[in-house]
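Number of protein chains: 2
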Amino acid sequence: MATAKGNKQQPVILITNDDGIMAPGIFNLIEAVKGLGKIIVVAPDKPQSGMGHAITIGSPLRLQQVHLMKGIEAWSCSGTPVDCVKLATDKILHKKPDICLSGINHGANHSINVIYSGTMSAAIEASIENIPSIGFSLLDYSMEADFSMAKKYARIIVEKIIKRRSDKHLCLNVNFPAVDESLVSGVKVCRQAYAKFEEDFDERKDPAGKKYYWLSGAFVNFDKGKDTDVWALSNNYVSVVPVQFDLTNYVLKTKLEKIFKP
Amino acid sequence: MATAKGNKQQPVILITNDDGIMAPGIFNLIEAVKGLGKIIVVAPDKPQSGMGHAITIGSPLRLQQVHLMKGIEAWSCSGTPVDCVKLATDKILHKKPDICLSGINHGANHSINVIYSGTMSAAIEASIENIPSIGFSLLDYSMEADFSMAKKYARIIVEKIIKRRSDKHLCLNVNFPAVDESLVSGVKVCRQAYAKFEEDFDERKDPAGKKYYWLSGAFVNFDKGKDTDVWALSNNYVSVVPVQFDLTNYVLKTKLEKIFKP
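If you're matching them up, the sequences are chains U and S in order.
Here this note's numbering is used: the first residue of the first sequence is 1, the next is one more, and so on.
Here this note's numbering is used: the first residue of the second sequence is 1001, the next is one more, and so on.
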């Protein structure tokens, strides 16, 4: 991959996440790719899980330079993960980084989660901006999660992508099973499984007797394919799903042209 | 289309938006489809533009029944447009509506806007839930916008979709040009144009001298195709783009399988 200026300088690696700049996952991602390029961290100042592709348009944004790790330039941002990518490019780097990495997320972003995930939306935003990107997630929500296997495989994947002059819109959704390295079956390129959440809001009453609701629900997989990310992860593979931002349903487009013919 | 119970009852039409339950656009959408089924409105209690596919997971949600229009059941919701669809189905209707309509948005949701738009994310959420859905947007941000043409075409499109037993995951992104009805070229089924925003954050200083940023930027179309929504709208067509939630990039998947082969 050429660097941002097309010369032989080390590549600029932008790192963000949606769990916030103090989450263990982002420390582990920095450690995973140390030495592969010049790292800049721009991440939300608070957890932003489930923010999807939200951008901040009704209020102003703040950036604050912070100490995160020796030798690493880091900024906390008051906005969403997508805001972080936009601000990093426009106001901190003043150019596009060579690659954008997001995560490592605490919890799965396989299948339909790609749509709700702030981690993946940051990566998708980068790919819209012609910045190759990878979002990483570990199937373990715990703050004490063991990231050692995820770190090893994240570095292998980033090295592979940096080595190649990759598709300018490349965006990968990488998920790690929550297993010890010795049990990993390998890396598997997959499609997004058709799975979704079956909502079951938790209905409660406040002290005044008025109802309120907590989003809750169960993840249900309807997809029996062995080429999906859900299958790969349940068989201890690291799953890699290439993601696109063209949402056109071309199959349905052909059908609709008949319905709406002049 | 069969009704929710599969009998000959009138279809249940869920209406939401991202401009908030008091926006003129949602009143116009209700008027547009009055008589086509039983209408239930569940919409955000405040503007939620640019919220993308955000869901509320860190705080509880409220629902409040409100008077909006005679004979129409309406609820305001403290959450995002996607939260509205989830709560409407699980806690108000206690079943899936036959169709979900979102809008009419004040401003364009063509091309890449589909990713940032709360209006379109509500429609996409419905389609994930096997509820056929249509998001409507008018290329006019004004609160005094003239919705008369949009209303007429919205009704035509909804009638067409209700008539057919449509794809259970059908999701349409419909945009109306800001022109008088006499100037409309017709309805055109399109693909999503490759266009994006070139950010240019507005940097200011607060009274304490600290910097803050307002998201700003220009919309740039890189796509010269005549089969895109941007082309259609600039030629006075009502654009209809079928939208999917499978984000897998199948072309890139084949390439990656070579890079990541065991």
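In this text, a Cβ means the ideal position worked out from N, Cα and C, and glycines have one as well.
As the structure is a computational prediction, the values presented were derived from the model and not from experiment.
- Contact of Tyr153 of chain U with chain S is not assigned, every C-beta pair being separated by 8 angstroms or more.
- Rounded to the nearest whole angstrom, the C-alpha separation of Val1220 of chain S and Asp202 of chain U is 44 angstroms.
- Under the Cβ distance rule, Arg1191 of chain S counts among the residues neighbouring chain U, one pair being separated by less than 8 angstroms.
- Along the segment 53-78 of chain U, the positions whose C-beta sits under 8 angstroms from a C-beta of chain S are His53, Ala54, Ile55, Thr56, Ile57, Gly58, Pro60, Leu61, Arg62 and Leu63, read in chain order.
- Remark: C-beta atoms of Ile72 of chain U and Val41 of chain U approach each other more closely than 8 angstroms.
- In terms of CA proximity to Ser1234 of chain S, S:Ser1185 leads the group S:Ser1185, S:Leu1068, S:Lys1168 and S:Ile1057.
- With its beta carbon less than 8 angstroms from one in chain U, Asn1249 of chain S belongs to the interface.
- Listed in chain order, the beta strand (DSSP E) runs fully inside the segment 78-121 of chain U are 99-106, counting runs of at least 3 residues.
- The C-beta of Ser234 of chain U comes no closer than 8 angstroms to any C-beta of chain S.
- Judged by DSSP in its simplified three-state form, Ala23 of chain U adopts coil rather than helix or strand.
- The three-state reading of DSSP puts Asn1028 of chain S in helix, counting H, G and I together.
- Residue burial is scored here from C-beta neighbours: Thr254 of chain U has fewer than 16 other C-beta atoms within 10 angstroms and is therefore classed as exposed.
- In the three-state reduction of the DSSP assignment, Val179 of chain U falls in the coil class, being assigned neither a helical nor a strand state.
- Judged by DSSP in its simplified three-state form, Ile1162 of chain S adopts helix.
- Within the same chain, and ignoring the five residues on either side of Lys1046 of chain S in sequence, the residues whose Cβ sits closer than 6 angstroms to its Cβ are Gly1020.
- Counting only Cβ-Cβ distances below 7 angstroms, Trp1214 of chain S has contacts in chain U at Pro60, in chain order.
- According to the DSSP assignment, Lys253 of chain U belongs to the alpha helix (DSSP H) that extends over Tyr250 to Ile259.
- Among the residues of chain S, those whose CB is under 7 angstroms from the CB of Tyr116 of chain U are His1053 and Ile1055, following chain order.
- Per the C-alpha coordinates, the member of U:Ser111, U:Ser127, U:Asp140 and U:Gly209 positioned closest to Asp223 of chain U is U:Ser111.
- Nearest Cα to Ala1054 of chain S within the set U:Lys70, U:Ser59, U:Leu256 and U:Val114: U:Val114.
- In the three-state scheme derived from DSSP, where H, G and I count as helix and E and B as strand, Ser59 of chain U is classed as coil.
- Rounded to the nearest angstrom, the gap between the Cα atoms of Ala122 of chain U and Gly217 of chain U is 25 angstroms.
- In the three-state DSSP reduction, Ala1218 of chain S falls in the strand class (E or B).
- Membership of Asp1229 of chain S in the alpha helix (DSSP H) is indicated by the continuous run Asp1229 to Ser1234.
- DSSP places Phe1136 of chain S inside the beta strand (DSSP E), whose first and last residues are Ser1133 to Leu1138.
- Ranked by Cα distance from Ala150 of chain U, the first of U:Met22, U:Leu14 and U:Ala32 is U:Ala32.
- In the three-state DSSP reduction, Ala154 of chain U falls in the helix class (H, G or I).
- Distance between Leu36 of chain U and Pro11 of chain U, taken at the CA atoms: about 7 angstroms.
- Secondary structure at Ile1072 of chain S: coil, using DSSP grouped into helix, strand and coil.
- Classified as exposed, Gln65 of chain U has fewer than 16 neighbouring CB atoms from the shown chains inside 10 Å of its CB.
- Around the CB of Asp1200 of chain S, fewer than 16 other CB atoms lie within 10 Å, so the residue is classed as exposed.
- Residue nearest to Val1179 of chain S within the set S:Gly1058, S:Cys1190, S:Tyr1153 and S:Ile1131 is S:Tyr1153 (criterion: CA-CA distance).
- Rounded to the nearest angstrom, the gap between the Cα atoms of Asn236 of chain U and Cys190 of chain U is 13 angstroms.
- With distances taken between CA atoms, Lys1070 of chain S lies nearest to S:Phe1027 out of S:Leu1087, S:Phe1027, S:Pro1044 and S:Lys1091.
- If the five residues before and after Ala23 of chain U are omitted, its C-beta is found closer than 7 angstroms to the C-beta atoms of Asn17 and His106, all from its own chain and listed in chain order.
- Sorting S:Val1240, S:Val1158 and S:Asp1227 by C-alpha distance to the C-alpha of Leu1101 of chain S places S:Val1158 at the top.
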